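For the sequence shown, my numbering begins at 1 and goes up steadily by one.
Glycine is no exception: its CB is placed at the ideal position from the N, C-alpha and C atoms.
Keep in mind it's a predicted model, so treat the numbers as computed, not measured.
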Amino acid sequence: MGKLLEAKDLTLGYPSGDVIKDLNFVVDSGDLVCVVGPNGAGKSTLIKGLLGLIKPRHGEIVYHNLVQKFIGYMPQETKVDANFPASVEEIVLSGTLNKSGWRPFYSDEQRQKASEALKALRISSLKDRHFSDLSGGQRQRVLLARALAATSKLLVLDEPSNNLDSSSRRDLYGNLKKLNQEKGLTIIMVTHDLDHKNLIGNKILSLRTKPYFYGSTEQYVQEVHRV
Ligand SMILES: Nc1ncnc2c1ncn2[C@@H]1O[C@H](COP(=O)(O)OP(=O)(O)O)[C@@H](O)[C@H]1O
Ligand SMILES: [Mg+2]
């Protein structure tokens with residue numbers, strides 16, 4: 001297995017001030033980490049830091065055997081407008097653009113990657129449909145496939161279950177567990193869902209209390225988060 005990335009005394013924030021201070025954690029290859037904490041705790045800020053969209057104000061993020069631009073990312077608010085006139089296939093293909101910058105045509109390798117992502121999420125049959133014609137649950141699968149097409153190592157998701165009904169949420173969590181277990185994909189998922197059975201990962205990072213909690217899900221449920 002081995003380390004994939006680590007935060008060392010990491011401080012992140014904005015000109016208005018620090019949001020996350022002196023955070024330390026190690027993500028091993030194969031982990032599924034749930035990041036929890038109340039609104040405004042800095043969960044999305046941490047994701048921006050991991051993706052390199054903001055720079056550490058102190059400390060560092062160390063990537064082991066992982067290139068930052070090959071992280072697959074599913075944002076909190078989808079940038080794909082529900083009325084955007086693009087097919088499912090085009091949206092998933094666009095996930096591969098991080099590797100090459102914009103190009104008028106996609107390579108065979110990119111098409112292959114998109115096709116594998118569609119297959120992994122069992123939505124190949126939707127590939128010619130328009131995004132705007134899909135249900136909320138189907139859209140979520142397309143956006144997950146798009147993030148998957150961008151990576152073979154690390155998927156980062158910011159509150160992917162927001163606005164999903166409970167059956168779409170179960171479907172999403174099932175897909176994430178499968179990608180983690182069967183494809184060995186490492187996943188970092190921000191979640192607002194504190195229901196124990198939905199803490200689907202093996203590890204929890206909680207920004208709720210200081211010092212921050214980082215450890216196994218069992219330890220978190222037993223020692224930190226009692227209902
Ligand atoms: N671009 C920004 N500029 C300044 N402050 C920001 C910016 N984005 C977020 N913040 C502030 O940082 C804090 C953490 O925000 P965020 O990381 O979005 O929290 P969470 O995702 O846990 O709800 C909040 O107080 C928020 O107002
Ligand atoms: Mg957020």
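C-alpha distance - residue i paired with residue j, whole-angstrom precision
i: His130; j: Asp31; result: 34 angstroms
i: Gln68; j: Leu154; result: 9 angstroms
i: Ser16; j: Val36; result: 23 angstroms
i: Leu179; j: Leu164; result: 20 angstroms
i: Leu97; j: Glu116; result: 16 angstroms
i: Leu5; j: Lys127; result: 34 angstroms
i: Val92; j: Leu118; result: 8 angstroms
i: His64; j: Lys113; result: 23 angstroms
Expected contact under 8 angstroms - CB spacing of residue i and residue j to nearest Å
i: Ile20; j: Leu207; result: 7 angstroms
i: Val156; j: Tyr73; result: 5 angstroms
i: Gly59; j: Asp133; result: Between Asp133 and Gly59 the Cβ distance is about 46 angstroms, and since that is not below 8 angstroms, they are no contact.
Nearest residue (CA-CA) to residue i, options the options
i: Glu89; options: Ser125, Ile204 and His58; result: Ser125
i: Ile187; options: Asp193, His196, Ile200 and Asp195; result: Ile200
i: Leu66; options: Gly42, Ser94 and Val27; result: Val27
i: Thr151; options: Gly59, Leu46, Lys183 and His192; result: Lys183
i: His192; options: Tyr214, Glu6, Arg169 and Gly137; result: Arg169
i: Val221; options: Ser107, Lys203 and Leu144; result: Lys203
i: Asn39; options: Leu185, Ala114 and Thr209; result: Thr209
Exposed unless 16 or more other CB atoms sit within 10 angstroms - verdict on residue i
i: Val227; result: Bear in mind that the predicted position of Val227 carries a pLDDT of just 48, short of 50, making it unreliable; the figure below should be weighed with that in mind. Per the 10 Å Cβ criterion, exposed.
i: Lys197; result: exposed
i: Ser161; result: buried
i: Phe84; result: exposed
DSSP bridge partner residues for residue i (one or two, in chain order)
i: Tyr14; result: Gly17
i: Tyr106; result: None, per the DSSP bridge assignment.
i: Lys3; result: Asp28
i: Ile204; result: Cys34 and Gly215
i: Ile91; result: Ile91 pairs with nothing; no bridge assigned.
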